[in-house]
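Numbering (our numbering), first residue to last: 548 to 1005. Glycine is no exception: its CB is placed at the ideal position from the N, C-alpha and C atoms. As structure tokens, the structure follows; a few thoughts come after it.
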């Protein structure tokens, strides 16, 4: 029965079971330990990475996953303990007892408070994931931009654990009584608390997610093994030009803060483009003047070559062709794009005497039908450029053995010029860049001015 009435008619108040409260407090304490432990591990990981010069994306991602493990395990363990409490509450409802079960508010309060350290850790984890995701909500500053905020959250998470524990101990130890012995409220509260713990363990990783690529406006060429990493691609000061498949131009900017909701791609007309590019590179020293090109793989090579001429006209002789590489242990999801650096030729001087043919000049052609040629010799097709790569590697080896140097330098001559047909796709042009880069070509020049034809010389 719910309550009894003594002879004087006053209702009896039942002392709430210490044992049941203690079992519940043990269950609620586990997420406190897990949340604080996860925050401590993530804090230690950031300290270790701060002292390391080689910590990369893979290290950060692994540290976040490792740090999240204690809180996840603790939530499932807590749910298991709460399940045992539920069984105990059911038993108490069946047998005669001399104490009352804890009220619903006791389980509701404990279930919410025990998630405080975990919730603060999840916020820090979310900020970390956003910081290492290109185009994430944090902005261009990356982890450095929110490092102080993450550190503060982790400290608060660790400190909150003992504070909440004391509150739970007080709720479990302070004697109090109830008018009713009914266990239905306690059963509902315990069941609800257990469901919340399991739901939090399942939902938190899904809501936080993993580092993801930036949603690009164009489809960049992918799986290119010889492309190089370039930290400048993530800097706000970099000049990043976008060429869509339909031939439209855009200039990209980085987010300045998490509250920055303005578009990151700004349309620019063909007439405006030279002036806008000049503004972006005017304060850069000559060796830092490079325009990064994000061109759609389906854009025409003709549109790209015309863009190269525009870039050359603003006194820039280097272009970074932005692509994605293959998955690697250091970048398993290929979050950050890479680039091929290519050189643009100097503007031809109509009054100058045409240069004499150089027998060491190498020009790789990509023809409209996809066939490849090295100077005048056929070299297979773009779908299988192995013959071209092997021939170039053979030439470079011969030059190394015979001391054939680039004119005016003490470096082996490994320059290769590329001349794609305008009808080709940009994606195929980048495959040509990959083929000659794999062979060891350096530098790679783009040739859209006429050069005398020469035979390959060994």
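- Task: Starting from the Cα of residue 882, find the closest Cα among 699, 893, 870 and give me that residue.
- Result: 870
- Query: When the Cβ atoms of the segment 838 to 857 are set against those of the segment 706 to 724, are three or more pairs found closer than 8 angstroms?
  - Reply: Result no; under three Cβ-Cβ pairs closer than 8 angstroms.
- Burial state of residue 955 (16 or more Cβ within 10 Å): exposed
- If you count every other CB in all the chains shown that lies within 10 Å of the CB of residue 672, and 16 or more means buried, which is it? So residue 672 counts as buried.
- Query: Among all the DSSP beta bridges, which residues are the ones paired with residue 885?
  - Reply: Residue 885 pairs with 870.
- Straight-line Cα distance separating residue 887 from residue 868: So the two alpha carbons sit approximately 5 angstroms from each other.
- Message: Are the CB atoms of residue 733 and residue 653 within a distance shorter than 9 angstroms?
- Response: yes
- residue 928: first and last residue of the uninterrupted beta strand (DSSP E) it sits in: 924 to 928
- Query: Would the segment 701 to 721 and the segment 616 to 634 be scored as touching if the rule is three or more Cβ pairs under 8 angstroms?
  - Reply: no
- Query: Looking only at C-alpha atoms, which of 674, 768, 792, 669 sits nearest to residue 695?
  - Reply: 674
- Query: Does DSSP put residue 967 in a helix, a strand or coil?
  - Reply: The three-state reading of DSSP puts residue 967 in strand, counting E and B together.
- Any chain C beta carbon closer than 9 angstroms to residue 776: Here there is only one protein chain, and chain C is not present.
- Task: Name, in chain order, the residues that DSSP records as bridge partners for residue 672.
- Result: Paired residue(s): none; residue 672 is not in a bridge.
- When you compare only the Cα positions, how much space is there between residue 655 and residue 705? 22 angstroms
- Cβ neighbours of residue 711 in the same chain (closer than 6 angstroms, five flanking residues each side left out): 579, 660, 663
- Task: Within 10 angstroms of the Cβ of residue 776, are there 16 or more other Cβ atoms? Answer buried if so, exposed if not.
- Result: exposed
- Message: DSSP three-state label for residue 920, please.
- Response: Strand at residue 920.
- Indicate the three-state DSSP secondary structure (helix, strand or coil) for residue 845 in the structure shown. Note: residue 845 maps to coil in three-state DSSP.
- Item | Cβ neighbours of residue 714 in the same chain (closer than 7 angstroms, five flanking residues each side left out) | 660
- Task: Go ahead and label residue 561 buried or exposed: buried means 16 or more other beta carbons lie within 10 angstroms of its beta carbon, across all protein chains shown.
- Result: Burial call: buried.
- Between 862, 856, 848, which lies nearest to residue 836 when the distance is taken from Cα to Cα? Nearest option by C-alpha distance: 862.
- Message: Check this for me: beta carbons of residue 572 and residue 737, under 9 angstroms apart or not?
- Response: Not a contact, by the Cβ cut-off of 9 angstroms.
- Closest residue to residue 748 among 890, 995, 794, 668 (Cα-Cα distance): When each option's Cα is compared against that of residue 748, the closest is 668.
- Query: Which stretch, first to last residue, makes up the beta strand (DSSP E) that contains residue 497?
  - Reply: No answer is possible for residue 497: the residues shown for the chain start at 548 and end at 1005.
- Return the first residue and the last residue of the alpha helix (DSSP H) that residue 734 is part of. 731 to 755
- Task: Could you check what DSSP says for residue 865 in three-state terms: helix, strand or coil?
- Result: Residue 865: strand per DSSP, three-state reduction.
- Query: Can you tell which of 779, 995, 627, 717 has the C-alpha that lies nearest to the C-alpha of residue 745?
  - Reply: The residue with the shortest Cα to Cα distance from residue 745 is 627.
- Using a threshold of 9 angstroms, state whether the C-beta atoms of residue 848 and residue 972 are closer than that. yes
- Task: Would you decide whether residue 799 is buried or exposed? Buried here means 16 or more other CB atoms lie within 10 Å of its CB.
- Result: buried
- Could you work out which residue in 976, 621, 987 is closest to residue 767 when comparing CA atoms only? 976
- Please look up how many angstroms separate the CB atoms of residue 758 and residue 680, rounded, as I've assumed it's under 8 angstroms. 5 angstroms
- Query: Run through DSSP, which three-state label would residue 812 get?
  - Reply: Three-state result, residue 812: strand.
- Message: Please state whether the Cβ-Cβ distance between residue 940 and residue 911 is less than 9 angstroms.
- Response: Taking 9 angstroms as the Cβ cut-off, residue 940 and residue 911 do not qualify as a contacting pair.
- Message: Mapping the DSSP letters down to three states, classify residue 992 as helix, strand or coil.
- Response: strand
- Query: Is residue 608 helix, strand or coil by DSSP?
  - Reply: helix
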